[in-house]
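Worksheet for the structure shown next.
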Amino acid sequence: MSGTKRKAKAVMGNFRTLLLLAALLTPTAGYAEDVWEAFLTQRDANALARDGRFVWMATSGGALRWDADGIGSDESRYSLFLPQDGLASALVTDVAIDQAGNKWFTHGDPDVGVSILSPEGNWKVLGSFDGLGLNPGKKSNVVYASGDSVWIGTESGATLFINQRRDVLLTQDDDGLISDNVLSIVSRDGETWLGTDRGISRVNRFGIRNYQSSVDSLLRNNRINALVFGPDDRLWIGTDDGINFVEDDEVTLDFSYRFLNNLVVRSIAFEDSSGTFVPWFATNDGPYRRDVRLATQSGSGDPIGTPELSNEVMVDSSGDIWLANGDRWLFDYVPSQSAWRNRCVPGLVTNFIADVVVDASGVVWTANAENVDQAPSGAARGLHMRQTDGTWTNITVGRLSNESETITCVAVDSAGNRWFGSRRSANVTIGNLIKLPADVNTVPVAAEFEYFNIENGAFFDASPVFNIEIDAQSNKWIAVTRQGVATLGSQDVLWSSFTPGDCLLPVDEFGDRPIDMAFTSDGRVWVALEEGGVTVIDPGDLANPADDVCEQIIPETEGVPLPRNQRVIRADRFDRVWIGTTEGGLFMYDTRADLWYAYTVANSNGFLPDNRIRAIAFDSADRIWVGTFGGGLATLLPDLETWLEPYRVEDNVRRGSGLTDNEIQSIHINRLGSPEGKDEIWIATWGGGVNKLIFDGEQTVSIPTERETVSPYPNPFRSAELSVSSIGFRNAPVGCTIEIYTLDGQPVTTIDGPQTEGSPDPRWEFENDFNVRVVSGIYLFLIRLDGAIYQEGKIAYID
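In structure tokens:
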């Protein structure tokens, strides 16, 4: 997709140990060809509309079109539309179709407006500048189409469009609506009824009349979720507490529907059963046909899903009944069989992703629903696995263990083993550190997972594992809630621990929960504490706890601008330690220069779009990628001064980008991962699934295109079959440097290239900077010449 990248440059002031940054806008950076992909679940359907043979669904994972008359597999019968296709946001809350065949979509993300898809396949987005009347920070809720007239209900009022041009804008302050938060709409005979969170507004040529429970005592609840005229000419009203009617301009009750009392009625539709109209209700207790609550099992025995997530019921013109469900997305009902048919497709089962990583074979792993207490009802626990053919599989109860695991984090070591942290297992015999060996290359079964607990050396019994990081020696560093940091050696047998009151701060001083770990080339480990600053550990020999050296960086003390609450910590190849805080912005400590840098929304002119930092990663060009929790994705260039314009959902259409949620939990750089050999930036979002970005960056130095390719030899390196002990780099250019990294970007060592023409080929002895031999695995090499990337590649070392 094409778009313009804007930059902001920071002006540096040399103040003691803190460099204060103030951003100034600079000219446009030119055009770029970023490539976005999004992976979401469409099982949480919010609304439905029928257009001929197609059923359109508004889901939290895009707009989905189902071919109801098609044949073949379910997967072959649907088409998905996402931001990279032209949709303003992946979070779609409602859909309606006007008489010209245009599809209108409202969105649950603020400031993005309304998307329109024409019958010819062209996209258009209506925003505030197009007359939508959407105030800053507000969302569009509902769309209702009748002929060429389309009403949009937002959190800022209601707008009428005729032939896509605004005709009327109604608000509470200017026109007397009972509330600006419009949730449901229906029109008939020159009147429009607007359901809001505070009652109903009836709009006609005489003005506006409001209905509210405090005045119209029969109205059961002021939150109006559904408005529809029934075949009996009554206006049926779905509220948060049963249903009401309007007859002869007054609110009434019908005691034959008292079974709906105390239920949230989200949608009402009518089935023509042999000339008799039968009402359907989508409620928080599941779907009802008249007064019969429908069975929650389909004809094949598959469950409909969580009943409280029934969002809309629709009876189309052919009499088919469809249910939009927030857990398994789409069902159609077969009255003769009294059964549902599940129209589900494979893919993600939740859009709430805590972590993402790509292993050496190209398989993507995600951790689902980091904190299940904060995740919506129905958010899945366990893992997603995306195989190299693009197939997603959810691995949960029955595959992962005998208990319901909530996976908090994912990591991959140099040997290709996958490591997972869990937070829900209460059984100490199972453990919360889980390993999937590298030789398991298919969808795993329960027996293939290995668990670490007290019985095999772990000191942290059933305490939740919050994070796992792996150093260049393939040691596993594990952040354990309230118990400290554990270390598991490269052979998975040697345990060490760093506990509160010992190396870490005591529990009663700042609250010691370790959040994250980072590693610098001098062997030190930097531990971010949730409330206690940073602990720096020089572990020395892990087998000898007596040589551990620990230092505390106390926040908010002289020379340390760091706020108290930390969230993420990373170290780049220059030994600069980057710290993301809970709400205080981004900080960087240059360990070599002993200088602190501070980056905030204010001093970056908004190019760091939010001070809540959740993720930090470095790409092959030394750009710093920053994931915020609410502001989207930010990029700081290697000069440490210049920010690119951030990626945000509300800017997708203007920029041609494809971010699906502004709340980012994790970033993983899959170096050289794309077919073109470019970095893949994988983004775990909290509500928008997983995004992949192939960034079209700018070269800092022009490299001639006609040059000899550097070739590592022998590659793969199998030590048992060779008489040599090192790998060479043929055709390395004079004056270059060769940097070696683990797959997840941890620096291993740097080798100098030839200094003159004819010099011997540079060689790597498979040792790190401490002259310790590395473990078997896949390693990345990156060759730099004159400050620019000359070539990248991979080395396979098999000891």
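The working numbering puts the first residue of the sequence shown at 17, with every later residue one more than the last.
Idealized CB from N, CA, C, for every residue including glycine.
Q) What's the call for Tyr806, buried or exposed, on a 16-neighbour Cβ count within 10 Å? A) buried
Q: Give me whichever residues DSSP pairs with Gln807 in a beta bridge.
A: Ile799
Q: Could you tell me whether the Cβ atoms of Phe745 and Pro778 are closer together than 7 Å?
A: yes
(Q) Alpha carbons only, please: which of Ile595, Ile178 and Arg540 is nearest the one belonging to Glu546? (A) Ile595
Q: Look up Glu737 in the DSSP assignment and say whether it is helix, strand or coil.
A: helix
Q) Alpha carbon to alpha carbon, what distance is there between Glu661 and Leu653? A) 11 Å
Q: Please state whether DSSP places Tyr813 in a helix, a strand or coil.
A: strand
Q: Please state if the CB of Val726 and the CB of Ile811 are separated by a distance shorter than 7 Å.
A: no
Q: Tell me whether Pro763 is buried or exposed, calling it buried when 16 or more other Cβ atoms sit within 10 Å of its Cβ.
A: buried
(Q) Taking the beta strand (DSSP E) that Arg81 belongs to, which residues open and close that run? (A) Gly78 to Asp83
Q.
For Arg628 and Asn619, I'd like the C-alpha separation in whole angstroms.
A. 15 Å
Q.
Alpha carbons only, please: which of Gly803, Asp67 and Asn668 is nearest the one belonging to Ala54?
A. Asn668
Q | With 16 other Cβ atoms within 10 Å as the buried cut-off, status of Tyr613 | A | buried
Q: With a cut-off of 8 Å on the beta carbons, I'd call Leu210 and Thr175 a contact; round off their distance for me.
A: Incorrect: roughly 11 Å between the Cβ atoms, too far for contact.
Q. Any idea what DSSP makes of Leu602, helix, strand or coil?
A. strand
(Q) As a quick exercise: from Gly163, Gly206, Gly192 and Gly601, pick the residue whose alpha carbon is nearest that of Ile178. (A) Gly163
Q.
Do Gln681 and Ala427 have their beta-carbon atoms positioned less than 7 Å apart in this structure?
A. no
**Q.** Which listed residue (Cys425, Pro561, Gly378 and Asp348) has its alpha carbon closest to that of Gly398
**A.** Cys425
Q. With distances taken between CB atoms, is the gap from Leu64 to Ala242 smaller than 7 Å?
A. no
Q. Just how far apart, CA to CA, sit Glu134 and Leu199?
A. Correcting the residue identity first, residue 134 is Ser in this sequence and not Glu. Spanning the two alpha carbons is a distance of roughly 25 Å.
Q.
My output table needs one value for Leu186: the three-state DSSP class, helix, strand or coil.
A. strand
Q: Inspect the CB distances between the region 446–464 and the region 534–542 and report whether three or more fall short of 8 Å.
A: no
Q | In DSSP terms, what Tyr729 is bridged to | A | Gly744
Q.
Suppose the cutoff is 7 Å on Cβ atoms and the five residues either side in sequence are ignored; what does the same chain contact list for Thr497 look like?
A. Ser479, Pro480, Phe482 and Arg529
(Q) Tell me which residue opens and which closes the beta strand (DSSP E) that Arg816 is part of. (A) No answer is possible for residue 816: the residues shown for the chain start at 17 and end at 815.
Q. At what residues does the alpha helix (DSSP H) containing Val198 begin and finish?
A. From DSSP, Val198 is part of no alpha helix (DSSP H) but of the beta strand (DSSP E) over Val198 to Arg204.
(Q) Starting from Asn668, trace the alpha helix (DSSP H) in both directions and tell me its first and last residue. (A) Asn668 to Arg671
Q.
If distances are taken between C-alpha atoms only, which option among Leu611, Gly517, Asp760 and Leu103 comes closest to Gly378?
A. Asp760
Q: For the beta strand (DSSP E) holding Arg498, just list the boundary residues, first then last.
A: Note, Arg498: premise wrong, no beta strand (DSSP E); not H, not E.
Q. Using the rule of at least 16 other Cβ atoms within 10 Å of the residue's Cβ for burial, across every protein chain shown, is Arg204 buried or exposed?
A. exposed
Q. For the candidate residues Asp591, Arg225 and Glu783, whose alpha-carbon lies nearest to that of Tyr813?
A. Glu783
Q) Taking C-alpha atoms, which residue in Met73, Thr75, Ile531 and Tyr94 lies nearest to Asp83? A) Tyr94
Q: Per DSSP, which residues does Tyr467 bridge with? Please list them.
A: Ile450
Q. Taking all protein chains shown into account, do 16 or more other C-beta atoms lie within 10 angstroms of the C-beta of Leu310, making it buried, or fewer, making it exposed?
A. buried
Q: Tell me whether the beta-carbon of Pro579 lies closer than 7 Å to the beta-carbon of Thr607.
A: no
(Q) Across the region 698–712 and the region 673–689, are there enough close Cβ pairs to call them in contact, namely three or more that are closer than 8 Å? (A) yes
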